[in-house]
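**Student:** Take this structure first; my questions come after.
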Amino acid sequence: MKTDVGPSPHVRYVSDLPALPRRVLNMSTGPVEVSRRVLDAQLVPLLTPHTDDFWMLHDETIGLLGKVLRTTGKVLMMHGSIRTGIDVALGNLVVPGTRVLSVQNGFWGSLIADWSERRGAVVTRIDHGALEPVSVPRVADALATGSYDLVTVVHVETSSGIVNPVAEIGKLVASTDAIFFVDTACSAGAMKVDSDAWGIDVQVTGSHKCLSAVPGLAIVTISEKAWRRLARPRAMGTYFEFTQWWDSAVVRPVTPPFTQPTTLVLALRAALIEITSQGMESWWSTHTTVADEFMRAMRSAGFSFLVDGSATSSDRASYSDTVMAIRYPDHVSEVKFRRVLLDDFGIFVIGNVGEFAGSSFRVGLMSPPQMQAVNLYGAVAVFSQAAGARACRI
0 MKTDVGPSPH VRYVSDLPAL PRRVLNMSTG PVEVSRRVLD AQLVPLLTPH TDDFWMLHDE
60 TIGLLGKVLR TTGKVLMMHG SIRTGIDVAL GNLVVPGTRV LSVQNGFWGS LIADWSERRG
120 AVVTRIDHGA LEPVSVPRVA DALATGSYDL VTVVHVETSS GIVNPVAEIG KLVASTDAIF
180 FVDTACSAGA MKVDSDAWGI DVQVTGSHKC LSAVPGLAIV TISEKAWRRL ARPRAMGTYF
240 EFTQWWDSAV VRPVTPPFTQ PTTLVLALRA ALIEITSQGM ESWWSTHTTV ADEFMRAMRS
300 AGFSFLVDGS ATSSDRASYS DTVMAIRYPD HVSEVKFRRV LLDDFGIFVI GNVGEFAGSS
360 FRVGLMSPPQ MQAVNLYGAV AVFSQAAGAR ACRI
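Mapping of the sequence shown onto numbering that gives the first Met the number 0: residues 0 to 393, in sequence order.
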């Protein structure tokens, strides 16, 4: 397909067509492709947060988040990325000497442990291989033989797409004094996350992945157990200190003196309405069905998934419904493959990180547009054609 950016060195599969305005389909794991309704929500002429109308919509959004995440605990929205949420949450929980048990099997689990150490925590790592399912008995042994203030885990590891047993670990942590810290960035909103029932004390996610909105908001949930145990002294100063944020942005004895990201809140509200209107159980089931079909179609096209090479490959529950980490065929160049997808087909996918960088790419099945049949099957067809193209060979 001809583009408006000049000649391309890649093969033209439909070179006889006239140049058209470029439209890119975002099939990445975040930021995700969002619906027209979400985009349009940002155009509402309510650009100042210093009105009762805005705060009514803000509080409605907080309520919707509690419904999606299944928690009666405190929910905070703050401007920033998911990394912002992780950093701020650790800043409210970790002081020098805090004892952290890091349950990890991928890039993000390691990152949380590293950031805890940089804040002075004493970190014990239960380090599994990157494609190894988390061992609940190993966690149980660690909790039985050591004392911890914080236990951290990632629900869906973005680098591999493997699902970790958060509910089972939560039961173990709930019987101790430790706070259970879970990264749900690639699950919350699209896969079941039953925060209160699973004993999740602190949870971090963001607006731009499975919540199907635009980037810019970090979401943190805090249980009453965690609220009572916030780090003292207040490591975060004032602005991002949780009790201060809660008082200013939710309790609001006076109009908050700081500026809220109004358009981002309105976009998230629209996305949450879109999700919850279908019923959460139904929405989660839809994700599973679509993921099953995508995996079937991709395997039929000759591709394999990173989790296929793991010890848990026979267990469908270990494959996420949201992150598809796919190996490149042996003869395919990552740079050329992704460039052909973008330049010649208008499809964007993201590469990988850590030990899987260069050998795999990731597809997101997180938002409603990414799950539409035309985009799903279209992407599979394009992946297959591009992988077989001479322009993508090493």
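The beta carbon of each residue, even a glycine, is placed where N, CA and C say it ideally should be.
All of these numbers come straight from a predicted model, not from anything done at the bench.
Determine the DSSP secondary structure at residue 225, reduced to helix, strand or coil.
**Tutor:** helix
**Student:** Give me, in chain order, the residues of the same chain whose beta-carbon lies closer than 6 Å to that of residue 353; leave out the 5 immediate sequence neighbours on both sides.
**Tutor:** Closer than 6 Å at the Cβ level, and outside the excluded window around residue 353, lie 106, 158.
**Student:** Would a C-beta distance cut-off of 8 Å place residue 221 and residue 239 closer than the cut-off?
**Tutor:** Their beta carbons are not under 8 Å apart, which means residue 221 does not touch residue 239 by this criterion.
**Student:** State the CB to CB distance for the pair residue 81 and residue 203, rounded to an integer number of angstroms; the pair is presumed to be in contact (CB under 8 Å).
**Tutor:** Contact between residue 81 and residue 203 holds: their C-beta atoms lie close to 6 Å from each other, under 8 Å.
**Student:** I'd like to know whether the C-beta atoms of residue 271 and residue 56 end up nearer to each other than 8 Å.
**Tutor:** In this structure, residue 271 lies away from residue 56, with their beta-carbon atoms at least 8 Å apart.
**Student:** Can you list, in chain order, the residues of its chain whose CB lies under 8 Å from that of residue 139, leaving out five sequence neighbours each side?
**Tutor:** 171
**Student:** For my contact list, residue 339 and residue 380 are in at a C-beta cut-off of 8 Å; report their separation, rounded to the angstrom.
**Tutor:** Incorrect: roughly 13 Å between the Cβ atoms, too far for contact.
**Student:** Of all the beta strand (DSSP E) runs that stay within the bounds of the stretch 86-160, which reach a length of 3 or more residues?
**Tutor:** Counting only runs of 3+ residues, the beta strand (DSSP E) found wholly inside the stretch 86-160 occupies 98-103, 121-126, 149-153, in chain order.
**Student:** Among the candidates 73, 34, 161, whose CA atom is the shortest distance from the CA of residue 250?
**Tutor:** 73
**Student:** Mind reading off the beta-carbon distance from residue 265 to residue 103? Whole number of angstroms is fine, and I expect it under 8 Å.
**Tutor:** 36 Å between Cβ atoms; not a contact.
**Student:** Counting only the same chain and skipping the five closest in sequence on each side, list residues whose C-beta sits under 6 Å from that of residue 61.
**Tutor:** 74
**Student:** Could you give the DSSP three-state label for residue 262: helix, strand or coil?
**Tutor:** helix
**Student:** Counting only the same chain and skipping the five closest in sequence on each side, list residues whose C-beta sits under 6 Å from that of residue 344.
**Tutor:** For residue 344, where only same-chain residues beyond five positions count, the Cβ hits under 6 Å are 381.
**Student:** If you measure between the beta carbons of residue 393 and residue 332, is that distance less than 8 Å?
**Tutor:** In this structure, residue 332 lies closer than 8 Å to residue 393 by Cβ.
**Student:** Along the beta strand (DSSP E) that carries residue 178, what are the first and last residues, could you check?
**Tutor:** 178-182
**Student:** Taking only beta-carbon positions, decide if residue 373 is within less than 8 Å of chain D.
**Tutor:** No chain D appears in the structure shown, which is made up of a single protein chain.
**Student:** Thinking residue 305 and residue 359 are a contact (beta carbons under 8 Å), I'd like their distance in whole angstroms, please.
**Tutor:** 6 Å
**Student:** With a threshold of 16 other CB atoms inside 10 Å of the CB of residue 299, please say whether the residue is buried or exposed.
**Tutor:** exposed
**Student:** Could you round the C-beta distance between residue 71 and residue 195 to whole angstroms and report it? I think they count as a contact, below 8 Å.
**Tutor:** 6 Å
**Student:** Could you tell me which residues DSSP pairs with residue 318 in its beta bridges?
**Tutor:** 161
**Student:** Using 8 Å as the threshold, is the C-beta distance between residue 120 and residue 93 below it?
**Tutor:** yes
**Student:** If contact is defined by three or more beta carbon pairs under 8 Å, each pair taking one atom from either stretch, is the stretch 144-158 in contact with the stretch 180-196?
**Tutor:** Counting Cβ pairs under 8 Å, three or more are found: they touch.
**Student:** Thinking C-alpha only, which one of 33, 109, 193, 290 is nearest residue 318?
**Tutor:** 290
**Student:** Quick check on residue 308: buried or exposed, where buried means 16 or more other Cβ atoms within 10 Å of its Cβ?
**Tutor:** exposed
**Student:** Can you tell which of 108, 116, 79 has the C-alpha that lies nearest to the C-alpha of residue 96?
**Tutor:** Comparing Cα-Cα distances from residue 96 to each of 108, 116, 79, the minimum goes to 116.
**Student:** Do you know whose CA, among 26, 22, 21, lies nearest residue 364's CA?
**Tutor:** 26
**Student:** Straight-line CA distance for residue 213 to residue 378?
**Tutor:** If you draw a straight line from the Cα of residue 213 to the Cα of residue 378, it is about 22 Å long.
**Student:** Less than 8 Å separating the beta-carbons of residue 179 and residue 88?
**Tutor:** no
**Student:** Are there 16 or more other CB atoms within 10 angstroms of the CB of residue 329, so buried, or fewer, so exposed?
**Tutor:** exposed
**Student:** Is it the case that the Cβ atoms of residue 321 and residue 209 are separated by a distance below 8 Å?
**Tutor:** yes
**Student:** Would you mind reading off the limits of the alpha helix (DSSP H) that contains residue 78?
**Tutor:** Counting along the chain, residue 78 falls outside any alpha helix (DSSP H), though it belongs to the beta strand (DSSP E) covering 73-78.
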